[in-house]
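The listed protein sequences derive, respectively, from chains A and B. Quick note on my numbering: the first sequence kicks off at 21 and runs consecutively. Quick note on my numbering: the second sequence kicks off at -11 and runs consecutively. All C-beta atoms, glycine included, are put in the ideal place defined by N, C-alpha and C. Worksheet: one structure, shown below.
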Amino acid sequence: EVQLVESGGGLIQPGGSLRLSCAASGFTISSNYMSWVRQAPGKGLEWVSAIYNSGNTYYADSVKGRFTISRDNSKNTLYLQMNSLRAEDTAVYYCARDSMMGYWGQGTLVTVSS
Amino acid sequence: DIVMTQSPDSLAVSLGERATINCKSSQSVLYSSNNKNYLAWYQQKPGQPPKLLIYWASTRESGVPDRFSGSGSGTDFTLTISSLQTEDVAVYYCQHYYGSQWTFGQGTKVEIK
């Protein structure tokens, strides 16, 4: 059974850093496209970043230069390193599998506030 | 970036009636080399992650009721719920996965009239 479990969210001050994790089971993340998608409170979905099975990485303009997606194949875990956080980064962050996202985690809440 | 625009932002439909949601992309998401439209539809209920309904614009995900259908090509797409059920109350999103930056539409809230 495919499962995705996010962790690492919390309350962080503006300008701070946070690393999110997404532990996968039931499949191998290095064989699939993996994405991070976020949803601000009461708002719609925003694609944040993706890592292809090739290892190529891509970012939304809103996070480029501040966020880094990576994976640890030995742990079958996806990461999102978030630096220089802003209030507008406050959201539930989901990890999802494939470009047409058939599997999602339950999400982890990141709150950027002083 | 490709911008995805959905219409309407919300709609109220009577039980058993048809619901139609439109999605327009700012440029074509049809990849000519394989003749596939890189377009998906999702359903999201409160407190839950999104659920994939349709991919390649018209392929229904396994387990999705056949009252959900997707159509369109190029820049104009439609999600149709042929006979609205109570459990279909949700927000629906289109998403393109063409190229290296993917985007979602703003969402359409479907309610019972």
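query	result
Give the interface partners of E75/B over in chain A, defined as CB-CB distance under 8 Å, in chain order.	Correct list: empty, because the minimum Cβ distance to chain A is about 19 Å.
Any heavy atom of the ligand COA closer than 7 Å to the beta-carbon of S69/A?	The ligand COA is not part of the structure shown, which contains no ligands of any sort.
Pop quiz: I42/B and S13/B are said to be a contact at Cβ under 8 Å. What is the actual Cβ separation, rounded to whole angstroms?	Actually they do not touch by this definition, with Cβ atoms about 15 Å apart.
First and last residue of the beta strand (DSSP E) that includes K33/B?	It is not in any beta strand (DSSP E) - K33/B carries neither H nor E in the DSSP assignment.
Looking only at DSSP bridge pairs, what is V83/A linked to?	Note: V83/A sits in no beta bridge, so no partner.
With 9 Å as the C-beta to C-beta threshold (strictly closer), list the residues of the region 36 to 67 of chain A near chain B in chain order.	Y53, S55, V57, Q59, K63, G64, L65, E66, W67
Please classify I49/A: does DSSP put it in a helix, a strand, or coil?	helix
Which residues does DSSP pair with T223/A in a beta bridge?	What the structure shows of chain A is the stretch from 21 to 134, and residue 223/A is not part of that stretch, so it cannot be assessed.
Report the three-state DSSP secondary structure of A45/B (helix, strand or coil).	coil
Would you check if the region 21 to 33 of chain B and the region 67 to 80 of chain B touch, i.e. whether three or more CB-CB distances between them fall below 8 Å?	yes
Closer than 7 Å, Cβ to Cβ, to anything on chain A: give me those residues from the region 38 to 60 of chain B, in chain order.	P38, L40, Y43, E49
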